[in-house]
Amino acid sequence: MNNILNAPFMEEMRKTTANMYRLGWDERNGGNISCLLDEGEVREYLDLNVVLRTIPLGFNAAPLAGRLFLVTGTGKYFKNMDADSENNLGVVRITSDGQAADLLWGYRDGGRFTSEFPAHLMSHIARLAVDPENRVVMHTHPTHTLAMNYIHELDEKKFTHTLWEMCTECIVVFPEGVGVLPWMLCGTTSIGEATAAKMKDFRLVVWAMHGIYGAGKTMDETFDLIETVEKAAQIYMLTAHLPRRNTIQDDQLRELAEFFGVNYRKDFLS
Ligand code: 2HA
Ligand code: ZN
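The structure is reproduced here in structure tokens:
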């Protein structure tokens, strides 16, 4: 059996969480990531018949029964993922009745998966229905995106439009726009259901005054989506208090989307 710490999915998770911490997006226990794993790949590192503990989910994840996830732990810090992966991360398999997760590796100090795991699993279910190759759900607290929540209307058409105006390539990177949820209590199944409902149309969902969710095929793709929103939000925050002399016009956004052949939200432009 190979050492799971050297598995590509583990290295990618460690690199990504360290990078996000370095960017200042994941203070303290802020943020969480779940990654759907390939059973054949995990088998090279773990005996899939050995279950360390079974942890209840608090909702029914039956559509994901038997699926394996690498997921960050509750109360754990992105800052520490790299140095102590076995305490801060876990590999779990959703039980056949969908009510719990079998722990196969990790959370060594008796911990459990992120309190946002219901929102993650519901988002995985929603995204897999749209894109069978979706594997990653990522939640984080990017600084400028949060700042923008306090001064910009939280209407998703207006929010998306402003982001698209801030960097030329935004409409190409997230042509479907950004979903926005009002402030809601986190860690609950209701915010999970609301997030998953948005995930039918968007790979990016802002949680007002809290952070953002992203979903994608790979860790890189998901990170890049959030990074692009955050960059646009940064430009907005650097300029919102200044007179705007220039902007990207709707006709130019349309020209970009047509040139790059992306299926964009035409109703988000005037
Ligand atoms: O895991 O970010 O939303 C800590 C959080 C909860
Ligand atoms: Zn959060």
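Just so we're aligned, residue 1 is where the sequence shown starts under the UniProt record's numbering, counting upward by one. C-beta atoms are modelled at their ideal positions from N, C-alpha and C, and glycine is treated no differently.
Residue i to residue j, Cα distance in whole Å?
| i | j | result |
| --- | --- | --- |
| L181 | T145 | 13 Å |
| S115 | N29 | 11 Å |
| Q252 | W164 | 11 Å |
| R244 | F268 | 21 Å |
| Y213 | D201 | 13 Å |
| K76 | S270 | 44 Å |
| G211 | D26 | 10 Å |
| S96 | L64 | 9 Å |
| G40 | L70 | 14 Å |
| L128 | D38 | 14 Å |
| L23 | I226 | 12 Å |
| D82 | E11 | 9 Å |
| G192 | I248 | 35 Å |
| D102 | D250 | 50 Å |
| Y236 | M148 | 8 Å |
| V137 | A240 | 30 Å |
Write down the C-beta distance between residue i and residue j rounded to the nearest angstrom, noting that I regard them as a contact closer than 8 Å.
| i | j | result |
| --- | --- | --- |
| M199 | S190 | Not a contact, Cβ separation roughly 15 Å. |
| M219 | T140 | With 8 Å as the limit, M219 and T140 do not qualify as a contact, their Cβ atoms being about 12 Å apart. |
Flag residue i as yes when its Cβ comes closer than 7 Å to any non-hydrogen atom of the ligand ZN, and as no otherwise.
| i | result |
| --- | --- |
| G30 | yes |
| Y211 | Note on residue identity: the sequence assigns Gly, not Tyr, to residue 211. Within the cutoff, so yes. |
| H139 | yes |
Kindly indicate the opening and closing residues of the beta strand (DSSP E) around residue i.
| i | result |
| --- | --- |
| C170 | Taken as a continuous stretch (DSSP letters only), C170 belongs to no beta strand (DSSP E), being part of the alpha helix (DSSP H) at C170 to V173. |
| T140 | V136 to T140 |
| I94 | L89 to I94 |
| I212 | G211 to G216 |
| I55 | R53 to P56 |
| A101 | A100 to G106 |
Given the structure, does residue i come close to the ligand 2HA, in the sense that its CB is under 7 Å from one of the ligand's heavy atoms?
| i | result |
| --- | --- |
| S190 | no |
| S115 | yes |
| G58 | no |
| C186 | yes |
Going by DSSP, what residue range makes up the alpha helix (DSSP H) through residue i?
| i | result |
| --- | --- |
| L256 | D250 to F259 |
| W183 | That residue, W183, is in no alpha helix (DSSP H); it is neither H nor E in DSSP. |
| S123 | F117 to V130 |
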